[in-house]
Each structure stands twice: as structure tokens, then as C-alpha cells.
Amino acid sequence: MPELPEVETIRRGLLAGDASTPSLLKQRVSAVSILWEKTIAFPSAREFARNLTGKSIRDFGRRGKFLLTALDDAFLIFHLRMSGDLNVRPSLTEFHPHDRLILHFASGWDLAFNDTRKFGRVWLTADPQTVLGSLGPEPFDAALTREAFHAMLHARSRQLKPLLLDQSFISGLGNIYTDEALFSAGLHPLRSSSSLSEQEADALLTAIRLVLTRAIQEHGSSIDWVYRGGNFQNHFQVYQRAGERCSRCGEIIQKSIIGQRGSHYCPACQPERNEPNV
DNA sequence: CACGAGACCTGTTCGC
DNA sequence: TGCGAACAGGTCTCGT
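Residues -17 to 260 (our numbering) make up the first sequence, in order.
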């Protein structure tokens, strides 16, 4: 489910709290409930609970789609995969149907990791690099210049759609924002990465940053039964809009399967050919 | 190396 | 109405 904007929205919520829930900063873990053991990727469930108990939260960070919880001397790292979510609730609340892990805080509040499809994973480690080591650059990293991005695209020869979804190429993009960024840049999802001109590479990087910035401003997207206050679903140009008319040119939006994923694009605004568009 | 298929899971929607 | 198929915001592993 969550891509970079949704994880960023969750991070900010845990950091600041809201009208009905407190910030979790500086809160101390008094107990841990593990309801689905496979959610704990590292270490063992027993060690995880033992090592986490008594620790306090120092900060919430993010790297790609990973949420990094800085503790006294370790990091608690969440990946929400397809259906994961994090909720702050009063401790007396009963477990919800798909709760997989609960951190109980001394303050009387809980942090619940709820994950219908059980794909989500959590790590507790002193060295975050063991989990994050293979991630590509953050989309907003200042070191990711247009020249660097163009060089990255030409270092491989891959279809744009699967390449942008590859977290070792660039981190944080998922199916929604990849489709939206390719539309914004006017690039067909099957274009070969090594066919992009410098201008096209620059347009793609700009589009990625624009789409992510706007999605974060809208607190991410809310789709299906998952709702956490996000509003970006009302700004989709192509995602989930197959059969509708393109807002830019009026052509019918197409959907096809590319790299195992449903892909949405405008055949007129995103022409399919492997020569650079001038 | 690039790419497709299958696996991991549960719930909702679609088509006959 | 009912039931199986297809599909879902992600990632990993294997085979070609």
C-alpha cells in the first residue's frame, strides 16, 4: 500500500501527534505484543520483545518506504509493504482484526502495526545499513542531479516502469507515483532507460519530485478500504483512470500489465518509441 | 543482465 | 444470488 508520501505522512503523525493522539517522541516501551511472528524479520520474536522493552523513542526518520524509529541504542525499522499501517491508540483498546505487532508505552498508549496481508516486516537492529544497504538514492537528495540521474538511466537498459519501481535504482516510488510521474514527464512506461535524452531525464526527475511533493502536501493517497486522511487520490491523472479521457489531450487512458504491475498511461502524451523525444 | 513467473497473504470486486 | 477468477499501494527468488 504505502509509498514514500504515505510513509512520510505516517512519520510526521507519529512525531507530532494530532488532536486525539500524542506524539510518541520520548515515550518508553513497557511491553510488546507479537500477534504474528513472521512480521518480525529480525531478530527472533523472543529477542525482539526482550530487546525492545524498556527502550525510549528518540526520533522518527524515513528512508525510501522504510520508517526508521531511533531508539536509545538501536533502530526499529518498519516496512509496510502492501497493506501495513501504524495507529496510535489508548492501551485499553482491544486488538483489531489484523493487528500483527503492538508496542505498549508506559504512558498508557499503544502503537499498533496492522497489516491485513501479512507482507509487512519489522527489524530491530543497531546497524540500519544491514536493512537499508541496497537502497538507491532518495528522490529529493541534492546529490541526485539531472546529470547524475541521466547517467544512472544510461548505466542500464531497462523498461522505465520496472526500473523506477526498483528500490535499488531510486527509493520510495511505488505503482501509483511511478505511473503519475511517467505521465507528468510524458514518457511511455516501456521506454528503455538508456534511450532518454538529457532533457527527458531531467523532465523525469522533475516529474518524480513534483508528484511526490504534491502527494506529501495532500498527506498521501487513500484507496480501497485503507484511509489515513490522504487526499491525493483526487489528483490522479492516470492511475485507476483507464477508459477515462486524458486531462491534457482528451485521449483515452490505457491500462496494461508491465513488469507484473497494472500500468496506466496516455498513449498520446506518452508515445511508445525508443528514440528520444525532442 | 533483463525479464517473466511464482510465492508470500487476505479481502474486495468483477464476470458469468 | 452465488461462486470462482482477477486484482490490489511490495518485494523476493528462481528460471530462461
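Built from N, CA and C at the ideal position, the CB exists for glycine as well. From a predicted model like this one, the values you see are computed outputs, not experimental measurements.
Residue i to residue j span [Cα, whole Å]
i, j, result
"Gly66", "Ile205", "13 Å"
"His78", "Thr98", "11 Å"
"Asn216", "Lys237", "19 Å"
"Asp184", "Val(-11)", "26 Å"
"Ser15", "Leu(-4)", "19 Å"
"Gly136", "Arg191", "Strictly speaking, residue 136 in this sequence is His, with Gly absent from that position. Distance between the alpha carbons of His136 and Arg191 is about 20 Å."
"Lys175", "His246", "Checking the displayed sequence, the identity of residue 175 turns out to be Ser instead of Lys. One C-alpha to the other measures close to 18 Å."
"Arg173", "Gln141", "6 Å"
"Asn69", "Gly212", "15 Å"
"Phe165", "Gly225", "15 Å"
"Ile239", "Ala197", "24 Å"
"Val11", "Glu180", "50 Å"
"Phe95", "Ser203", "19 Å"
"Asp252", "Glu19", "The residue you asked about is not Asp; residue 252 is Gln in the sequence shown. Straight-line Cα distance between these residues: approximately 45 Å."
"Gly244", "Phe131", "25 Å"
"Leu186", "Asp148", "15 Å"
"Tyr221", "Thr35", "42 Å"
"Glu200", "Pro(-13)", "9 Å"
"Leu17", "Asp54", "25 Å"
"Arg44", "Lys100", "21 Å"
"His80", "Leu178", "44 Å"
"Ala133", "Ser150", "15 Å"
"Arg(-6)", "Leu6", "11 Å"
"Ser116", "Pro25", "19 Å"
Beta-carbon contacts of residue i that lie in its chain and below 7 Å, excluding the five residues immediately before and after
i, result
"Val152", "It is Ile, not Val, that sits at residue 152 in the sequence shown. Taken in chain order, the residues that qualify are Gly118, Pro119, Pro121 and Leu146."
Exposed unless 16 or more other CB atoms sit within 10 angstroms - verdict on residue i
i, result
"Ala124", "exposed"
"Glu129", "exposed"
"Pro72", "exposed"
"Glu182", "buried"
"Ile270", "Since the first residue of the chain shown is -17 and the last is 260, residue 270 is not available in this structure."
"Leu74", "exposed"
"Glu257", "exposed"
"Gly102", "buried"
"Thr(-9)", "buried"
"Pro230", "The question names Pro, but residue 230 is Arg in the sequence shown. Burial call: exposed."
"Ala189", "buried"
"Thr127", "exposed"
"Thr195", "exposed"
"Pro171", "buried"
"Arg138", "exposed"
Other residues of its chain near residue i: CB distance less than 8 Å, five sequence neighbours each side excluded
i, result
"Ala56", "Asn33, Lys37, Leu106, Thr107 and Ala108"
"Asp0", "none"
"Glu193", "Rather than Glu, the amino acid found at residue 193 in this sequence is Val. The answer, listed in chain order, is Tyr159, Glu162, Ala163 and Ser166."
"Ile262", "In this structure the chain extends from -17 to 260, so residue 262 is not present and cannot be described."
"Pro4", "Val70, Ser89 and Trp91"
"Arg227", "Glu233, Ile234 and Ile235"
Closer than 8 Å: residue i CB and nearest the ligand NAP heavy atom
i, result
"Asp41", "Judged by which ligands are present, the structure shown has none, so any question about the ligand NAP falls away."
Residues bridged to residue i (per DSSP)
i, result
"Ile240", "Arg243"
"Gln141", "Ser174"
"Phe24", "Trp105"
"Ile59", "Leu50 and Trp105"
"His86", "Ala13 and Asp92"
"Ile158", "Its beta-bridge partners do not exist; DSSP assigns none."
"Asn69", "Ala94"
"Ser38", "Arg10"
"Arg128", "BP columns for Arg128 are empty, so no partner."
"Arg44", "Leu49"
Contact set for residue i: own chain, Cβ-Cβ below 6 Å, skip 5 residues either direction
i, result
"Gly241", "Lys143 and Pro144"
"Ser89", "Gln9"
"Pro110", "Phe57"
"Asp41", "Ala52"
"Leu62", "Pro(-16) and Gly102"
| request: May I ask you to verify whether the segment 22 to 33 touches the segment 42 to 51, counting CB pairs closer than 8 Å and requiring at least 3? | output: Judged by Cβ distances under 8 Å, the segment 22 to 33 makes no contact with the segment 42 to 51, as fewer than three pairs qualify.
| Touch test, the segment 81 to 90 against the segment 153 to 166, Cβ-Cβ under 8 Å, three pairs minimum | Judged by Cβ distances under 8 Å, the segment 81 to 90 makes no contact with the segment 153 to 166, as fewer than three pairs qualify.
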